[in-house]
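For the sequence shown, the numbering used here gives the first residue as 212, with consecutive numbering after it.
Notes to accompany the following structure.
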Amino acid sequence: MQGNVRSERRYLSVKDAARRLEVHPSFIYRIIKNNPDGSPFQRFGRVLRVRIDLFEKWASQKVIK
């Protein structure tokens, strides 16, 4: 028996992503506005989500102060 598929989330909310980076969510929105290409963010209708695997790699390359 395989586990629940929903337990393996592929996407984070912007709020969760900001919490992981220890920054304010507006910081992430500013990054998206300035750098829409090459960022791990994806829009589902009006809801913005962050791909976890891309986010980890992307965040490690960015120097965040």
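For each residue, glycine too, the CB sits at the ideal point set by N, CA and C.
Measure the CB-CB distance between residue i and residue j and report whether it falls below 8 Å.
| i | j | result |
| --- | --- | --- |
| Val258 | Phe252 | no |
| His235 | Ala228 | no |
| Ile239 | Val225 | yes |
With respect to the beta strand (DSSP E) encompassing residue i, which residues constitute its N-terminal and C-terminal limits?
| i | result |
| --- | --- |
| Arg262 | Val258 to Arg262 |
| Arg254 | Phe252 to Phe255 |
Alpha carbon to alpha carbon, how far is residue i from residue j?
| i | j | result |
| --- | --- | --- |
| Arg254 | Ala270 | 19 Å |
| Ser237 | Lys244 | 10 Å |
| Ile264 | Leu223 | The sequence as given places Asp at residue 264; Ile does not occur at that position. Going from the Cα of Asp264 to the Cα of Leu223 covers about 10 Å. |
| Gly256 | Leu232 | 24 Å |
Would you give the residue range spanned by the alpha helix (DSSP H) that residue i belongs to?
| i | result |
| --- | --- |
| Arg230 | Val225 to Leu232 |
| Arg241 | Pro236 to Asn245 |
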